[in-house]
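A.B. asks: After the structure tokens below, expect a handful of questions from me.
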Amino acid sequence: MSFLVKVTAWFLDPVHWHGGAGVPNRLLEHVLMSGAATLVAALIALPIGVALGHFGRGGNAAINISNVGRAIPSFAVLVLAFEVVGIGAPPAFIALTLLAIPPIVTNSYVGVREVNPDVKDAARGMGMRERKILFAVELPLAVPLIMAGIRTSAVQVVATATLAALVAWGGLGRYIIDGFAQQDYAQMFAGAVLVAALAVVTELALGAVEFMLVPRGLRGSRGTPAGPSQAKAA
Amino acid sequence: MNLFLDASDPWIRVSYLQNHLTDFETDLVEHVELTLIAVLAGLLIALPLGVLIYRRRGLRNPVLGISGVLYSIPSLALFAFLIPYSGLTYLTAEIGLVGYTILILIRNTVVGLEAVPADVRDAARGMGYRPLKQLLWVELPLALPSIFAGVRIATVTTIGLVTVTALIGEGGLGRLILEGLIRDFKTPLVVGTVLSILLAAVADLSLAGVQRLAMPWAR
Numbered sequence: 001m002s003f004l005v006k007v008t009a010w011f012l013d014p015v016h017w018h019g020g021a022g023v024p025n026r027l028l029e030h031v032l033m034s035g036a037a038t039l040v041a042a043l044i045a046l047p048i049g050v051a052l053g054h055f056g057r058g059g060n061a062a063i064n065i066s067n068v069g070r071a072i073p074s075f076a077v078l079v080l081a082f083e084v085v086g087i088g089a090p091p092a093f094i095a096l097t098l099l100a101i102p103p104i105v106t107n108s109y110v111g112v113r114e115v116n117p118d119v120k121d122a123a124r125g126m127g128m129r130e131r132k133i134l135f136a137v138e139l140p141l142a143v144p145l146i147m148a149g150i151r152t153s154a155v156q157v158v159a160t161a162t163l164a165a166l167v168a169w170g171g172l173g174r175y176i177i178d179g180f181a182q183q184d185y186a187q188m189f190a191g192a193v194l195v196a197a198l199a200v201v202t203e204l205a206l207g208a209v210e211f212m213l214v215p216r217g218l219r220g221s222r223g224t225p226a227g228p229s230q231a232k233a234a
Numbered sequence: 001m002n003l004f005l006d007a008s009d010p011w012i013r014v015s016y017l018q019n020h021l022t023d024f025e026t027d028l029v030e031h032v033e034l035t036l037i038a039v040l041a042g043l044l045i046a047l048p049l050g051v052l053i054y055r056r057r058g059l060r061n062p063v064l065g066i067s068g069v070l071y072s073i074p075s076l077a078l079f080a081f082l083i084p085y086s087g088l089t090y091l092t093a094e095i096g097l098v099g100y101t102i103l104i105l106i107r108n109t110v111v112g113l114e115a116v117p118a119d120v121r122d123a124a125r126g127m128g129y130r131p132l133k134q135l136l137w138v139e140l141p142l143a144l145p146s147i148f149a150g151v152r153i154a155t156v157t158t159i160g161l162v163t164v165t166a167l168i169g170e171g172g173l174g175r176l177i178l179e180g181l182i183r184d185f186k187t188p189l190v191v192g193t194v195l196s197i198l199l200a201a202v203a204d205l206s207l208a209g210v211q212r213l214a215m216p217w218a219r
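Protein sequences appear in the order of chains A and B. Per my numbering, the first sequence starts with residue 1, numbered consecutively. Per my numbering, the second sequence starts with residue 1, numbered consecutively.
Now the structure itself:
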């Protein structure tokens, strides 16, 4: 019990809420880094996945990339990036972006690929051009799966960004890594609370976005709640 | 740690490989052990829970929803929660790893059981199967491919997560990756990474082989 009192005291200490090592700044670092890595990964992965799905090519590659991604430990990717580009933000950003790409490629491929062919035929019959079919029919119908891929990646990125404290970058992982190194378990535990809260909020918030973006015609047809069918990398 | 890239450190230093072969073997064995225990213990806990959730419909959405949220908690944070209570031990590593495998396997068990066609259940009931016998001889065998897919995901995922447990001193091949980081020395890093990926690939392919042999009805 006295341990949890120490953790509470850590949170209440104003010292931990100011300056570069304070919670607001560490949280901001963590969110900005994760957001940037997920965004860049989406910009790279979406065109690839959507194009493969639209033209129906490279299905095996698109699906296998996330299986392969699952087998590559994110901790190793981070340390490899550190060996190649040095310490701090650059290796963290590179590693996080690389890790975020596979789930988005796979999900956007499957999302576009699984659009009912009858619907595409109907669109063609209505006189839509290929480009219009892609943007007005296939993409809106694929949005739920695409968003699920982005959510998976974002949660994974938030988790792996915690490890980036090991390559001398900031973020909330600093509290865990420093607390551990200094045997200051209250700081470590407080860091874990912050990291877990951020990951859960990311999961729930992107889940809500996913739900809101489901086209009206598809609502109610999917009863399964979000669950761990996807990668867990860190 | 070195800010400047050390040009003299090659990706693989052969003399290091020759001198540390037994270390690699020890780490590999520890990695396999941690993974096996996590997946088997996860299966023992998740299977009955999955069946229970399948039987009590009201539990389904809350349990699967909560497990999705728990699954998003980063492993490093989970270990940090456990260390003050169970220390830097094998137990801490396993509690974390088993937690994640349970979450994967519960979901696949429930989804697999739900996918059993209603006609098949009706037929079993019509043939006079009692609920327990129906579960053991009809529903579970038909759910096995889905459960097995979960075992494969859980295995590969755990092999990746074990590298993180190196940070609490129980890492298997992760110890080599950590050594590469701490000493800024590429050889153990490369060996740890490559062996971990190979282990995941070999485990996944062997499980796929077992699945083909053991479940001819799912081919």
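No residue lacks a Cβ here, since even glycine has one placed at the ideal position from N, Cα and C. Since the model is a prediction, treat every value here as computed from it, not as a measurement.
Would DSSP call Val247 of chain A helix, strand or coil?
C.D. replies: The displayed coordinates of chain A run from 1 to 234. Any statement about residue 247 of chain A would go beyond what the structure contains.
A.B. asks: Can you check the segment 118-168 of chain A for any alpha helix (DSSP H) of at least 4 residues that lies completely inside it and give the ranges in chain order?
C.D. replies: 139-163
A.B. asks: Please confirm if Ser75 of chain B has its CB atom under 9 Å from at least one CB of chain A.
C.D. replies: yes
A.B. asks: Applying a beta-carbon distance threshold of less than 8 Å, which residues of chain A neighbour Leu181 of chain B?
C.D. replies: Val79, Phe82, Leu166 and Val167
A.B. asks: Please return the same chain residues whose Cβ sits closer than 6 Å to the Cβ of Val214 of chain A, not counting the five positions on each side in sequence.
C.D. replies: Pro144
A.B. asks: Closest by CA to Gly170 of chain A, which one among A:Arg131, A:Gly191 and A:Ala148?
C.D. replies: Out of A:Arg131, A:Gly191 and A:Ala148, A:Gly191 has the C-alpha closest to the C-alpha of Gly170 of chain A.
A.B. asks: Write down the C-beta distance between Leu103 of chain B and Leu78 of chain B rounded to the nearest angstrom, noting that I regard them as a contact closer than 8 Å.
C.D. replies: That belief does not hold up - the Cβ atoms of Leu103 of chain B and Leu78 of chain B are roughly 11 Å apart, past 8 Å.
A.B. asks: For Val15 of chain A, report the span of its alpha helix (DSSP H) as first-last.
C.D. replies: Element bounds for Val15 of chain A: n/a, residue is neither H nor E.
A.B. asks: Round the Cβ separation of Leu204 of chain A and Leu172 of chain A to the nearest angstrom and send it over; I've been treating them as touching at under 8 Å.
C.D. replies: Taking C-beta atoms under 8 Å as the contact rule, Leu204 of chain A and Leu172 of chain A fail to qualify, at a distance of about 18 Å.
A.B. asks: Could you please tell me which residues of the segment 57-86 of chain B, in chain order, have their CB closer than 7 Å to any CB of chain A?
C.D. replies: Asn61, Leu64, Gly65, Ser67, Gly68, Val69, Tyr71, Ser72, Ile73, Pro74, Ser75, Leu76, Ala77, Ala80, Phe81, Ile83 and Pro84
A.B. asks: Please report the straight-line C-alpha distance between Ala71 of chain A and Met126 of chain A, rounded to a whole angstrom.
C.D. replies: 45 Å
A.B. asks: Could you tell me whether the Cβ of Tyr109 of chain A comes closer than 9 Å to any Cβ of chain B?
C.D. replies: no
A.B. asks: Under 8 Å, with one C-beta from each stretch per pair, do the segment 94-108 of chain A and the segment 56-68 of chain A reach the 3-pair mark?
C.D. replies: yes
A.B. asks: Ignore the nearest five residues each way along the sequence and tell me which others in Arg222 of chain A's own chain have a CB closer than 6 Å to its CB.
C.D. replies: Since pLDDT at Arg222 of chain A reaches only 49, below the 50 mark, its modelled position is unreliable, and no value is offered.
A.B. asks: Contact criterion: CB-CB distance below 9 Å. Does Met1 of chain B meet it with respect to chain A?
C.D. replies: For Met1 of chain B, the pLDDT reaches just 47, beneath the cut-off of 50, and the residue's location in the model is therefore unreliable, although a value from the coordinates is still provided. Yes, Met1 of chain B counts as interfacial toward chain A.
A.B. asks: Excluding the 5 residues preceding and the 5 following Gly179 of chain A in the sequence, name in chain order all residues of the same chain whose CB lies nearer than 8 Å to its CB.
C.D. replies: Excluding positions up to five away in sequence, the list reads Tyr185, Ala186, Gln187, Met188, Phe189, Ala190 and Gly191.
A.B. asks: When the cut-off is 9 Å and only beta carbons count, does Asp184 of chain B lie next to chain A?
C.D. replies: yes
A.B. asks: Output, in chain order, the set of chain A residues within a Cβ distance shorter than 8 Å of Ile223 of chain B.
C.D. replies: Absent from the model: residue 223 of chain B. The displayed extent of chain B is 1 to 219, so no value can be given.
A.B. asks: Would you kindly check if the distance between the Cβ of Thr26 of chain B and the Cβ of Thr221 of chain B is under 9 Å?
C.D. replies: Residue 221 of chain B is absent from the structure shown; chain B starts at 1 and stops at 219.
A.B. asks: Would you say the beta carbon of Tyr175 of chain A comes nearer than 8 Å to a heavy atom of the ligand FMN?
C.D. replies: Ligands displayed in this structure: none; no statement on the ligand FMN is therefore possible.
A.B. asks: Note the first and the last residue of the continuous alpha helix (DSSP H) segment covering Pro48 of chain B.
C.D. replies: Leu21 to Arg55
A.B. asks: According to a CB-to-CB cut-off of less than 8 Å, which residues of the segment 143-160 of chain B neighbour chain A?
C.D. replies: Flagged, chain order: Ile153, Val156, Thr157, Ile159 and Gly160.
A.B. asks: Within its chain, find whatever has a CB closer than 6 Å to the CB of Gly192 of chain B; leave out the 5 residues flanking it on each side and keep chain order.
C.D. replies: Leu173, Leu176 and Ile177
A.B. asks: At least one CB of chain A closer than 9 Å to the CB of Ile177 of chain B: is that the case?
C.D. replies: yes
A.B. asks: List the residues of chain A that Gly169 of chain B touches, going by C-beta distances under 7 Å, in chain order.
C.D. replies: None at all; the shortest Cβ gap to chain A is about 11 Å.
A.B. asks: Would DSSP call Glu170 of chain B helix, strand or coil?
C.D. replies: coil
A.B. asks: Helix or strand or just coil, what does DSSP make of Pro225 of chain A?
C.D. replies: Residue confidence for Pro225 of chain A is low, a pLDDT of 42 falling below 50, so the modelled location carries little weight; the figure read from the coordinates is stated next. Pro225 of chain A falls in the coil class under three-state DSSP.
A.B. asks: Strictly under 9 Å for the Cβ-Cβ distance: is Gly93 of chain A near chain B by that measure?
C.D. replies: Note on residue identity: the sequence assigns Phe, not Gly, to residue 93 of chain A. No, no contact with chain B.
A.B. asks: Can you tell me which of the three DSSP states Gly126 of chain B falls into?
C.D. replies: Reduced to three states, the DSSP call for Gly126 of chain B is helix.
A.B. asks: In angstroms, rounded to a whole number, what distance separates the CA positions of Leu181 of chain B and Ser75 of chain B?
C.D. replies: So the alpha carbons of these two residues sit roughly 19 Å apart.
A.B. asks: What is the DSSP secondary structure of Leu172 of chain A, reduced to helix, strand or coil?
C.D. replies: coil
A.B. asks: In chain order, which alpha helix (DSSP H) runs of at least 4 residues are fully inside the segment 82-167 of chain B?
C.D. replies: Fully enclosed alpha helix (DSSP H) runs of no fewer than 4 residues occupy 90-114, 118-126, 131-134 and 140-165 of the segment 82-167 of chain B, in order along the chain.
A.B. asks: Of all the options A:Val167, A:Arg219, A:Gly217 and A:Phe55, which has the alpha carbon lying nearest to the alpha carbon of Val84 of chain A?
C.D. replies: A:Val167
A.B. asks: Would Val210 of chain B count as contacting chain A if we go by Cβ distances under 9 Å?
C.D. replies: no
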